[in-house]
Amino acid sequence: MGHGANTPDSSAAAPHTRLTPQNAPQVATMLQALSTPSRLLILARLREGPCAATELATAVGMEQSACSHQLRLLRNLGLVTGTRQGRSVVYTLHDNHVAALLDQALYHVEHLRLGLIGAPTELSTNHLDEASGTTRLGSP
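Position 88, counted from 1, in the sequence shown is what our numbering calls 232; the numbers after and before it change by one each time, with no gaps.
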């Protein structure tokens with residue numbers, strides 16, 4: 145089961161975590177997994193709540209085999225979890241972080257579409273730590 149992906153405060157600010165040479169490949173792999181529209185549609189549907197794999201394929205307009213392949217990839221990356229219930233597997237978002245990623249991506253796309261230029265927020269501001277040469281999210 146997921147870790148409360150549908151709680152109201154899923155957009156809480158991320159902790160101040162540094163992007164390092166050690167974790168950058170994992171972050172890049174996770175973001176690359178989000179670069180496919182079909183995977184985003186799957187995650188968006190799961191943002192609404194748990195869904196059986198067969199229903200999920202129908203909801204996002206995919207063949208069952210293609211949807212299962214994408215779910216396997218998303219599960220291996222820790223973005224979704226699956227729980228067997230009888231003959232089906234019911235999927236959920238892994239946790240609130242996945243929901244927040246979707247929310248932020250949608251917000252950013254809408255922000256750009258509207259041509260809005262806003263002051264950087266603590267969540268979206270990156271800072272270079274000159275001593276270590278790493279990028280850190282959040283305030284200095």
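We treat Cβ as the ideally placed atom computed from N, Cα and C, and that holds for glycine.
DSSP bridge partner residues for residue i (one or two, in chain order)
i: VAL234; result: ALA196 and THR227
Cα-Cα separation, residue i to residue j
i: ASN240; j: ALA203; result: 22 angstroms
i: GLU199; j: LEU185; result: 13 angstroms
i: LEU221; j: VAL171; result: 10 angstroms
i: CYS211; j: ARG228; result: 16 angstroms
i: LEU250; j: LEU215; result: 21 angstroms
i: LEU190; j: THR236; result: 6 angstroms
i: ALA168; j: GLU254; result: 27 angstroms
i: THR173; j: HIS238; result: 16 angstroms
i: ILE261; j: GLU192; result: 30 angstroms
Coil, strand or helix - residue i by DSSP
i: THR163; result: This sequence places Leu at residue 163; Thr is not what is there. LEU163 falls in the strand class under three-state DSSP.
i: THR180; result: coil
i: LEU218; result: helix
i: GLU207; result: coil
Proximal residues to residue i (C-beta, below 8 angstroms), its chain only, five neighbours per side dropped
i: LEU218; result: ALA177, ARG183, ILE186, LEU187 and VAL224
Unbroken alpha helix (DSSP H) run spanning residue i, endpoints
i: THR173; result: 168-177
7 angstroms CB neighbourhood of residue i in its chain, flanking five on each side removed
i: MET206; result: SER182
i: GLN208; result: THR198 and ALA201
i: SER232; result: ALA196, ALA197 and THR198
Sequence-distant residues of the same chain with beta carbon closer than 6 angstroms to residue i, five excluded per side
i: VAL234; result: PRO194, ALA196 and THR227
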